[in-house]
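Asks: Chains as they are written, first to last, in the working numbering: chain V, 1243 to 1494; chain S, 1243 to 1494.
Could you have a look at this structure, given as structure tokens, before my questions?
Protein chains: 2
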Amino acid sequence: MTPIRARSTVVEAIRPPEPCVACEARVCSVCNALHPSDLDRLSAVATSFGVESGRTFIEEGALAEFFFNVTAGTAKLFKLLPDGRRQITGFASVGTFLGLAVSTTYSFGAEALEPMRICRFQRARMRDLLDEFPVLERKLLEVAAAELVAAQEQMLLLGRKTARERLASFLVARAASLCPLPDCNNRRPRNQQRVPLPMTRGDIADYLGLTIETVSRTLTRFRAEGMIDIPNASEIVIQAREALESLATGLR
Amino acid sequence: MTPIRARSTVVEAIRPPEPCVACEARVCSVCNALHPSDLDRLSAVATSFGVESGRTFIEEGALAEFFFNVTAGTAKLFKLLPDGRRQITGFASVGTFLGLAVSTTYSFGAEALEPMRICRFQRARMRDLLDEFPVLERKLLEVAAAELVAAQEQMLLLGRKTARERLASFLVARAASLCPLPDCNNRRPRNQQRVPLPMTRGDIADYLGLTIETVSRTLTRFRAEGMIDIPNASEIVIQAREALESLATGLR
DNA sequence: CGTGCTTTTGAAAATCATCAAGTATAGTGG
DNA sequence: CCACTATACTTGATGATTTTCAAAAGCACG
Chain V
1243 MTPIRARSTV VEAIRPPEPC VACEARVCSV CNALHPSDLD RLSAVATSFG VESGRTFIEE
1303 GALAEFFFNV TAGTAKLFKL LPDGRRQITG FASVGTFLGL AVSTTYSFGA EALEPMRICR
1363 FQRARMRDLL DEFPVLERKL LEVAAAELVA AQEQMLLLGR KTARERLASF LVARAASLCP
1423 LPDCNNRRPR NQQRVPLPMT RGDIADYLGL TIETVSRTLT RFRAEGMIDI PNASEIVIQA
1483 REALESLATG LR
Chain S
1243 MTPIRARSTV VEAIRPPEPC VACEARVCSV CNALHPSDLD RLSAVATSFG VESGRTFIEE
1303 GALAEFFFNV TAGTAKLFKL LPDGRRQITG FASVGTFLGL AVSTTYSFGA EALEPMRICR
1363 FQRARMRDLL DEFPVLERKL LEVAAAELVA AQEQMLLLGR KTARERLASF LVARAASLCP
1423 LPDCNNRRPR NQQRVPLPMT RGDIADYLGL TIETVSRTLT RFRAEGMIDI PNASEIVIQA
1483 REALESLATG LR
């Protein structure tokens, strides 16, 4: 097993290598805004590191020293209440930019769901880079705007949708988020689409504002109704996409 | 009464006057990022107009032609489900920048709660302006990041807080959002702070993911418990700020 | 093949929603 | 200026979805 560095959530030794030019995550990240010839400027301020599954690499309330970019794996982002209640505000996978904090501290925590690889930038140095490449700033604004739209959609879900509608929305969104790459082999016509669920039922519950039991029961009922199949706990297969979609949009 | 223009949500004739230099809302808006000497460039692409109370000036799903900046009054921003269920995603008051859509259509609607004055910019022309003044883009990114943080906080509220906690959070946040200006006369020590509620109980319910009845009952109970006073329906007075605050943060 | 975790399933309880009046409040027109 | 109407708000009784509590069943891992 990889040795764990003391006083740090970082698992693998931090290494600047793997230049941005060679980064496979670049195409689906903000870094893609830069002209390839400028990528070495980015490499200069970035450091890449690995995070093992289950490890918290952003602590809510901690000093916001870095920006992050996910280059492999998936993380859950969450906020906590003092008594332990948790709301997952999103899942960050390849290409996701993290750390757009307003204050000097992170307003959310982040924990790896799978082994991850993450790129990080010192905020101060990033600022210089943004000054140098306004196109990067433009890209960040686009990303932030997109996240804002997603956040509003999630508010609609949390505030006004039923448990069934929430689960349907979640499954449909997960299915849609697959295949960011066109050569993905998961391009079945409409149904029979396999949707991996790297998170636990508890995570899904905390994302949808429900309990574990309600998530489990609702999925079981979807299966009984023939809308999905559940080959194993961490994967579902969509059997009736249209039915799920109309449920998700609130059409009874 | 002001004549209503046909085929438009605009009430008062659109007029370019009131140059940005003289705009009182500027200090608390993104426009403040520009150097005063550059403000005429902004004035050139902005048009100001009035909106009467209750009027929808952004239609969810409509072509996103403009950016908006609120210079007076308050609006509610919302998303709808096909059967009429509504989630208010926020309230926009003086200084709020609106319309950071990703797609070509607005992802939310906006309706005036009070008579408003709004400044609007053609998106295309705004883009030119952003190219010309990167500092404006920087400011927009800051605003978007701040809204994102607020949205995540609201997800925590909608997903994990009880009705009492939601109302307490709402009142505390409203109280805190008063007095953006230091010379505000509403600076009572801690308690006895008058908090205006320009929105209806229905709006509060749709913002907090509750029903009108639950909002009303909860406020009544707060009053019975001596935490607030309700001189009239559109105003509350905070009597026990600390109690409200610990409720809001989830401390039982 | 245990052991510990996650998931599922069941029964009871609770919070909040729905249904239904009744009471203020504001705006309108006489 | 005042009654009248419409709307918003409050309050009560009932009901339902979801949570909580509890336990069994699966599954992964050593």
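Built from N, CA and C at the ideal position, the CB exists for glycine as well.
Taking only the alpha-carbon atoms, compute the straight-line gap between S/Ser-1411 and V/Asp-1282 and give it to the nearest angstrom.
Replies: 46 Å
Asks: List, from N- to C-terminal side, the beta strand (DSSP E) runs of 3 residues or more that fit wholly inside the segment 1265-1320 of chain V.
Replies: 1288-1293, 1298-1300 and 1308-1314
Asks: Exposed or buried, what is V/Ser-1349 when buried is set at 16 or more other beta-carbons lying within 10 Å of its beta-carbon?
Replies: buried
Asks: Quick one: is V/Pro-1278 near chain S, going by C-beta distance under 8 Å?
Replies: Using beta-carbon distances, V/Pro-1278 does not count as an interface residue toward chain S, since no partner is under 8 Å.
Asks: Would you tell me roughly how many angstroms separate the C-alpha atoms of S/Thr-1331 and V/Gln-1396, rounded to the nearest one?
Replies: Inter-residue distance for S/Thr-1331 and V/Gln-1396 is about 10 Å (C-alpha atoms, whole angstroms).
Asks: Since V/Ala-1317 contacts V/Ala-1354 with CB under 8 Å, what's their CB separation in whole angstroms?
Replies: 5 Å
Asks: For V/Glu-1379, which residues in the same chain have their Cβ closer than 6 Å to its Cβ, ignoring the five residues on either side in sequence?
Replies: Excluding its 5 nearest sequence neighbours in each direction, V/Glu-1379 has C-beta neighbours in its own chain below 6 Å: Leu-1372, listed in chain order.
Asks: Buried or exposed, going by whether 16 or more other CB atoms sit within 10 Å of the CB of S/Ala-1387?
Replies: buried
Asks: Among S/Met-1469, S/Ile-1472, S/Leu-1413 and S/Glu-1484, which has the Cα closest to the Cα of S/Ile-1446?
Replies: S/Leu-1413
Asks: Give the straight-line distance between the Cα atoms of S/Gly-1315 and S/Glu-1294, rounded to the nearest whole angstrom.
Replies: 10 Å
Asks: How would you label V/Ala-1343, buried or exposed, when you count the other beta carbons within 10 angstroms and need 16 or more for buried?
Replies: buried
Asks: In this structure, how does DSSP classify S/Val-1479 when only helix, strand and coil are distinguished?
Replies: strand
Asks: Taking buried to mean at least 16 other C-beta atoms within 10 Å of its own C-beta, is S/Gln-1434 buried or exposed?
Replies: exposed
Asks: Using alpha carbons as the reference points, say which of V/Ser-1271, V/Ala-1352, V/Ala-1267 and V/Pro-1261 lies closest to V/Ser-1279.
Replies: V/Pro-1261
Asks: Would you say V/Asp-1280 touches the ligand NAD, meaning its beta carbon is less than 7 Å from a heavy atom?
Replies: Absence of the ligand NAD is noted for the structure shown, with no ligands found whatsoever.
Asks: Any chance the segment 1360-1367 of chain V sits against the segment 1359-1378 of chain S, with 3 or more Cβ pairs inside 8 Å?
Replies: no
Asks: My output table needs one value for S/Phe-1333: the three-state DSSP class, helix, strand or coil.
Replies: strand
Asks: What residue does the alpha helix (DSSP H) around S/Gly-1444 start on, and which one ends it?
Replies: 1443-1450
Asks: Pull up the DSSP beta-bridge partners for V/Phe-1339, would you.
Replies: V/Asn-1311
Asks: Am I right that S/Gly-1326 and V/Leu-1400 are in contact with their C-beta atoms under 8 Å? What's the rounded C-beta distance?
Replies: Actually they do not touch by this definition, with Cβ atoms about 18 Å apart.
Asks: Using DSSP with H/G/I as helix, E/B as strand and the rest coil, what is V/Met-1368?
Replies: helix
Asks: May I ask you to report which of helix, strand or coil DSSP gives S/Pro-1357?
Replies: coil
Asks: With a threshold of 8 Å between beta-carbons, can S/Ser-1349 be considered close to chain V, or not?
Replies: yes
Asks: Please classify V/Leu-1486: does DSSP put it in a helix, a strand, or coil?
Replies: helix
Asks: If contacts are defined as beta-carbon pairs under 8 Å, then S/Ala-1264 and V/Ala-1393 qualify, I think. What distance do you get, rounded to the angstrom?
Replies: Not really, about 35 Å apart at Cβ, beyond 8 Å.
Asks: Starting from the beta carbon of V/Gln-1329, find every residue of chain S whose beta carbon is closer than 7 Å, and list them in chain order.
Replies: Met-1397, Leu-1398, Gly-1401 and Arg-1402
Asks: With C-beta atoms as the reference, is S/Glu-1407 less than 8 Å away from S/Gly-1492?
Replies: yes
Asks: With which residues is V/Ile-1470 paired in a DSSP beta bridge?
Replies: Answer is V/Ile-1480.
Asks: Could you compute how far the alpha carbon of S/Leu-1319 sits from the alpha carbon of V/Ala-1286?
Replies: 42 Å
Asks: To the nearest angstrom, how far is the alpha carbon of S/Glu-1455 from that of V/Asp-1448?
Replies: Their backbone Cα atoms lie some 27 Å apart in a straight line.
Asks: If you count every other CB in all the chains shown that lies within 10 Å of the CB of V/Val-1269, and 16 or more means buried, which is it?
Replies: V/Val-1269 should be labelled exposed.
Asks: From the DSSP output, in three-state form, read off V/Leu-1420 for me.
Replies: coil
Asks: Whose C-beta lies closer than 7 Å to the C-beta of V/Arg-1465 among residues of the same chain, with five residues either side of it excluded?
Replies: Asp-1471 and Ile-1472
Asks: Kindly indicate the opening and closing residues of the alpha helix (DSSP H) around V/Pro-1438.
Replies: Taken as a continuous stretch (DSSP letters only), V/Pro-1438 belongs to no alpha helix (DSSP H), being part of the beta strand (DSSP E) at 1435-1438.
Asks: Buried or exposed for S/Ala-1475, please, with buried defined as at least 16 other CB atoms from any protein chain shown within 10 angstroms of its CB.
Replies: exposed
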